[in-house]
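> Position 126 of the sequence shown, counting from 1, maps to 125 under numbering that gives the first Met the number 0, and the rest follow consecutively. Every residue gets a Cβ at the ideal spot worked out from N, C-alpha and C, and that includes glycine.
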Amino acid sequence: MGVSWRGGERWGRRLSGFRPRSVPPPSWEPRVTGSGGGFRMGDKPIWEQIGSSFVQHYYQIFDTDRTHLGSLYIDASCLTWEGQQCQGKTAIVEKLSADEDPIIGFHQIFILKNINDAWVCTNDMFRLALHNYG
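1. With burial defined as no fewer than 16 other Cβ atoms inside 10 Å of the residue's Cβ, what is the status of G82: buried or exposed?
2. Taking 8 Å as the cut-off, does the segment 53-68 touch the segment 92-109 (at least 3 CB pairs, one atom from each stretch)?
3. Using DSSP with H/G/I as helix, E/B as strand and the rest coil, what is D123?
4. Per DSSP, which residues does A117 bridge with? Please list them.
5. Tell me whether Q84 is buried or exposed, calling it buried when 16 or more other Cβ atoms sit within 10 Å of its Cβ.
6. Nearest-angstrom Cα distance between C77 and T66?
7. List the endpoints of the continuous beta strand (DSSP E) containing D74.
8. Only counting the same chain, and skipping five residues up and downstream in sequence, which positions put a Cβ closer than 7 Å to that of W80?
9. Where does K108 fall in DSSP's three states?
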């Protein structure tokens, strides 16, 4: 599952909602609705709800205490940050914890995987939107 988060001011959002690996899975369950047979939760497809919840939770942790981001990754996870690559939750948290840059636009893509009833990020790609910076 790919989740794309784009635009806006970097790290300027205060959001909540995703359950990290150490917490039991969310109370919602995928269910088939309508004649289309797709998985839906309310009016949104389940994959959209999972992605939105993950993004909200990720940026809440990022804004409050980046050292806790490790709960969203696994040891096989990869991060590509402006072309620099690192692998493993420890290396990823170390990279994400050393950012004191000014707020500017960015693009970030998360590849999510359900492991043991918990959603984790297996691949995270981050690029600055320098063409909008001025």
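Reading off the structure:
1. In the sequence shown, residue 82 corresponds to position 83, counting from 1. G82 should be labelled exposed.
2. yes
3. Taking the sequence shown and counting its residues from 1, one reaches residue 123 at position 124. In this structure, D123 counts as strand in the three-state DSSP scheme.
4. One-based indexing of the sequence shown puts residue 117 at position 118. Answer is I114, bridged to A117.
5. Within the sequence shown, numbered from 1, the residue matching residue 84 stands at position 85. That one is exposed.
6. Position 78 of the sequence shown, counted from the start, is the residue given in the question as residue 77. Position 67 of the sequence shown, counted from the start, is the residue given in the question as residue 66. Straight-line Cα distance between these residues: approximately 17 Å.
7. Taking the first residue of the sequence shown as 1, we reach residue 74 at position 75. Taken as a continuous stretch (DSSP letters only), the beta strand (DSSP E) holding D74 covers 72-80.
8. Against the sequence shown, residue 80 aligns to sequence position 81. Hits under 7 Å: K94, F125.
9. As a position in the sequence shown, residue 108 is number 109, starting the count at 1. Per the sequence shown, the amino acid found at residue 108 is Ile instead of Lys. Three-state DSSP puts I108 in a strand.
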